[in-house]
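First the structure, in the form of structure tokens, and then the observations on it.
Numbering (this note's numbering), first residue to last: 163 to 485.
Spelled out as structure tokens, the structure:
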């Protein structure tokens, strides 16, 4: 059994990591463990690790993508970070044409995606690392000229994103995070421009209102049922009864942003449910393509991106509560 470890020191709330590391190290004692140089720097005091791969340490998301690339031949890869860390690991694997099962350890901001398999010390104790059960995970593949990455929670077109700053979840500037790796608080604004264009299969579907945010999400079979009989969710209430596995919402005001608990929010919304054969193309927006919480493409400097649903975008592992 060859197990790879990937650690993202920039994700979530790092005070959670110590107990998780100690428990995980004890659980994996005696197994062959592999990592790249960037992970070894942080985990060498907890694990006996064999370093593989080569290249420069960047201290940003590229280290995680490179780790996924180097560890794609493992029997299992344990991703310690958030949803974005796990999706970056898969992106690195996809570059090689090989997919290893990914077990995400929740150490990020949201930790709500299908690749997160371990959320607590108790989960580590219960997890059978020697007898994993891989599962295909649906996602959204994002392309510029070539494949960029895959989203397992959502693709968000926005000037902002939610991240953890000094232990608090805040709305931050996507540009500063992308170009300078800085988390600067910022309020979201409209992303539309005269050049903005939103298409499905080549047909323009831009709304009549000024766009502030666009969100595309995949829906695994076990989540589609959440919308059954919930007509208030609009077109999404049809998901359980259709073959569509993803949906898109275009909103006149930001949906993914921090709000006060008693704040009343209103917005104009246009909804689409998408089949696996649909291609969404976006261009001309003054915004970033944010993939599972990670800004990856500056659309103001891009010819555009395409988003496609992929029922086998990644390999996860089944938890005990899954059949």
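The C-beta atom is built at its ideal place from N, Cα and C for all residues, glycine as well.
To the nearest angstrom, report how far apart residue i and residue j are at their CA atoms.
i, j, result
"residue 373", "residue 269", "32 Å"
"residue 433", "residue 164", "44 Å"
"residue 218", "residue 384", "40 Å"
"residue 335", "residue 321", "6 Å"
"residue 197", "residue 279", "19 Å"
"residue 465", "residue 298", "31 Å"
"residue 477", "residue 423", "36 Å"
"residue 210", "residue 272", "29 Å"
"residue 362", "residue 302", "14 Å"
"residue 367", "residue 189", "51 Å"
"residue 417", "residue 458", "19 Å"
"residue 410", "residue 396", "12 Å"
"residue 228", "residue 426", "43 Å"
"residue 300", "residue 394", "25 Å"
"residue 483", "residue 294", "13 Å"
"residue 226", "residue 365", "36 Å"
"residue 296", "residue 191", "22 Å"
"residue 183", "residue 348", "33 Å"
"residue 453", "residue 173", "14 Å"
"residue 479", "residue 311", "20 Å"
"residue 282", "residue 220", "29 Å"
"residue 187", "residue 353", "45 Å"
"residue 308", "residue 329", "35 Å"
"residue 246", "residue 360", "25 Å"
"residue 340", "residue 248", "18 Å"
"residue 239", "residue 371", "44 Å"
"residue 408", "residue 435", "6 Å"
Going by beta carbon distance, what residues of the same chain come within less than 6 Å of residue i, once the five residues before and after it are set aside?
i, result
"residue 369", "412 and 432"
"residue 234", "255, 258, 260 and 262"
"residue 169", "201, 204, 205 and 242"
"residue 415", "374 and 429"
"residue 237", "163 and 164"
"residue 376", "319 and 412"
"residue 462", "448"
"residue 171", "204"
"residue 419", "333 and 350"
"residue 355", "446 and 448"
"residue 327", "345"
"residue 275", "245, 314 and 315"
What are the residues that DSSP puts in a beta bridge with residue i?
i, result
"residue 216", "In the DSSP output, where bridge partners are listed per residue, residue 216 has none listed."
"residue 221", "DSSP, once it has assigned bridges, lists no residue as partnering residue 221."
"residue 400", "Paired residue(s): none; residue 400 is not in a bridge."
"residue 479", "296"
"residue 196", "166 and 212"
"residue 359", "445"
"residue 468", "305 and 443"
Take residue i and list the residues in its own chain whose beta-carbon comes closer than 8 Å to its own, dropping the five residues that flank it on each side.
i, result
"residue 194", "163, 164, 165 and 212"
"residue 402", "386, 387, 389 and 390"
"residue 357", "445 and 446"
"residue 421", "427"
"residue 167", "195, 196, 197, 201, 205, 209, 211, 239, 240 and 242"
In chain order, what residues of the same chain have a beta carbon less than 7 Å from the beta carbon of residue i, not counting five sequence neighbours either side?
i, result
"residue 223", "250 and 456"
"residue 343", "222"
"residue 392", "399"
"residue 292", "163"
"residue 346", "334, 335 and 338"
"residue 306", "459, 464 and 467"
Going by C-alpha distance, which of the options is nearest residue i?
i, options, result
"residue 473", "190, 439 and 173", "439"
"residue 284", "300, 296, 277 and 267", "267"
"residue 208", "185, 226 and 229", "185"
"residue 437", "378, 216, 463 and 306", "378"
"residue 405", "381, 483 and 179", "381"
"residue 317", "483, 348, 480 and 470", "470"
"residue 467", "482, 443 and 290", "443"
"residue 332", "407, 199 and 350", "350"
"residue 232", "441, 463 and 252", "252"
"residue 287", "199, 181 and 360", "181"
"residue 510", "435, 325 and 290", "Outside the shown range of the chain, which is 163 to 485, sits residue 510, and nothing can be said about it."
"residue 323", "451, 277, 167 and 265", "451"
Looking at the ligand MN, does it come within less than 7 Å of residue i, judged from the CB to the closest heavy atom?
i, result
"residue 330", "Only the bare structure without any ligand can be found here, which leaves the ligand MN out of the picture."
Whole beta strand (DSSP E) runs in the region 200–278 with 3 or more residues, listed along the chain?
Listed in chain order, they are 211–213, 238–243 and 264–268.
Start-end ranges of the beta strand (DSSP E) lying completely within the region 388–450, minimum 3 residues
Runs of the beta strand (DSSP E) inside the region 388–450: 408–413, 431–436 and 441–445.
Start-end ranges of the alpha helix (DSSP H) lying completely within the region 296–383, minimum 4 residues
Within the region 296–383, the complete alpha helix (DSSP H) runs of at least 4 residues are 336–342.
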